[in-house]
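Reviewing the structure listed below.
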Amino acid sequence: MSCWLVKSEPSAYSWDDLVRDGKTLWDGVRNYQARNNLKAMKKGDLVLYYHSGAAPEVVGIAKVVKEAYQDPTTDDDRWVAVDIKPAKVLKKPVPLDGIKKEKRLRNIALIKQGRLSVMPLTKEAYDLILRMGSTSE
DNA sequence: GCCAACGTTGGC
DNA sequence: GCCAACGTTGGC
């Protein structure tokens with residue numbers, strides 16, 4: 010079981026959209042590093058759902074329901090999509106600001122690699138963010 | 001709206 | 001294979 014974090018611009022596709030849809034395909038990734046992370050996702054893996062933009066924060070937990078397959082938005086077989094579904098909303102969203110202030114999260118990709126949209130998290134970092142959001146699995 | 005960071009593209 | 005130009009992301 011691995012833990013991940015994905016970013017979405019809420020004006021494009023928000024957590025609420027995911028809850029409304031019940032499930033979605035995570036497609037359109039056009040960055041090799043993010044793509045490699047998508048390919049490494051396994052069914053049942055936990056995915057923190059992060060909103061970028063005006064109010065950058067982690068808002069919920071999603072779960073991988075289908076592992077990597079050809080991205081239907083392109084014929085180019087370099088790119089893949091996965092399916093995720095909402096698992097749990099955080100009691101309190103965890104703002105980027107709070108993550109930055111937490112010493113133990115100083116080294117996560119969200120901070121070190123601002124532009125990466127799909128990244129792995131250690132279980133420790135994942136648990137810590139959940140605790141900051143007053144949420145337990 | 002600006003700008004820093006950084007991935008990608010294309011000329012050589 | 002280098003590197004400058006360019007485009008995009010995302011925080012502020």
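So the mapping is simple: the working numbering equals the position in the first sequence, first residue as 1, plus 9. Glycine is no exception: its CB is placed at the ideal position from the N, C-alpha and C atoms.
So what's residue i in DSSP terms, helix, strand or just coil?
i	result
residue 38	coil
residue 80	coil
residue 22	coil
residue 27	helix
residue 118	helix
residue 85	coil
residue 52	coil
residue 141	helix
residue 75	strand
With a cut-off of 8 Å on the beta carbons, I'd call residue i and residue j a contact; round off their distance for me.
i	j	result
residue 74	residue 93	6 Å
residue 105	residue 117	In fact, because the Cβ distance is near 11 Å, the residues do not count as touching under 8 Å.
residue 128	residue 14	5 Å
Going by DSSP, which residues form a beta bridge with residue i?
i	result
residue 154	Here the chain comprises residues numbered 10 to 146, so residue 154 is not present and cannot be evaluated.
residue 17	60
residue 130	12
residue 90	78
For residue i, tell me which candidate among the options has the shortest Cα-Cα distance.
i	options	result
residue 87	18, 39, 21, 108	39
residue 84	46, 76, 36, 62	36
residue 138	115, 122, 48, 82	115
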